[in-house]
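*Asks:* One structure is given below, represented as structure tokens, and several questions about it will come after.
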Amino acid sequence: KDHLYAITEMHSLGIVDITNETSPVLDTSFFAGFDLQTIFPFEDKLFLGSAIGMFMFDVSDPAHPVAVGEFSHGRACDPVISDGHYAYVTLHAGSFCGGNANELNVIDITDIQHPQLVKTYELIKPTGLCKDGDLLFICDGTEVKLYNAAKPAALQLLQQIKSTDPYDVIAGDKLAMVVC
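Heads up: take any position in the sequence shown, counting from 1, add 5, and you land on the working numbering.
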């Protein structure tokens, strides 16, 4: 709508009013969770990835986000995406985030106030991820892995694409852009 969200410092979410596109205004900033790293908007929800878990906010009223749930995990860097029914969280170790997990957590968010871990998949060193329909893309080590995610509790690896240190991936309409 007329708002953007930004991590203004490690623990705060900023609300930026873009009603006047040429003069955006940082309206407010508030504590939204510890060690925030990523923001993923989906419909009227925000999913915040942090080094200690995932924080979920309802943004039905964009100027006043409301915390609606969280999912905790061991310490690690934590990108997150969602399709509305599931959240997909990759954890990777060996960085400033700490921890030793290299995995994908699939979390059922049907009851967003009580998210439930569906399954954990071991990976090499995942970073960015995205979903296009039933296709799940994960940057993992020196590859981009492509999964059929029609059944999140039973992902099927379709392809492993070699790449030079893929860091993030953006996909849509059967096209993917990989950031290395």
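We put the CB at the ideal spot given by N, CA and C, even for glycine.
(1) Where DSSP assigns a beta bridge to residue 167, which residues make up the other side?
(2) Do residue 133 and residue 85 have their C-beta atoms closer together than 8 Å?
(3) Consult DSSP for residue 72 and reduce its assignment to one of helix, strand or coil.
(4) Buried or exposed for residue 46, going by 16 or more other Cβ atoms inside 10 Å?
(5) Under DSSP, the beta strand (DSSP E) around residue 172 begins and ends at which residues?
(6) Can the beta-carbon of residue 144 be found less than 8 Å from the beta-carbon of residue 176?
(7) Kindly indicate the opening and closing residues of the beta strand (DSSP E) around residue 15.
(8) Could you round the C-beta distance between residue 180 and residue 163 to whole angstroms and report it? I think they count as a contact, below 8 Å.
(9) To the nearest angstrom, how far is it from the Cα of residue 170 to the Cα of residue 147?
(10) When you compare the CB positions of residue 114 and residue 90, do they come within less than 8 Å of one another, or not?
(11) Just to confirm, are residue 141 and residue 158 a CB contact at a threshold of 8 Å?
(12) I need the straight-line Cα distance from residue 37 to residue 174, nearest angstrom please.
(13) Give the range of the beta strand (DSSP E) segment to which residue 46 is assigned.
(14) Which value, in whole angstroms, describes the spacing of the CA atoms of residue 82 and residue 44?
*Replies:* Per the coordinate set shown:
(1) DSSP output for residue 167 lists 148 as bridge partner(s).
(2) no
(3) The three-state reading of DSSP puts residue 72 in strand, counting E and B together.
(4) Exposed: under 16 other Cβ atoms inside 10 Å.
(5) Unbroken run through residue 172: none, as it is neither H nor E.
(6) no
(7) Neither: residue 15 is in no beta strand (DSSP E) and is coded neither H nor E.
(8) Actually they do not touch by this definition, with Cβ atoms about 16 Å apart.
(9) When rounded, the distance between both Cα atoms is 5 Å.
(10) yes
(11) no
(12) Near 26 Å, if we compare the C-alpha coordinates of residue 174 and residue 37.
(13) 41-47
(14) 13 Å
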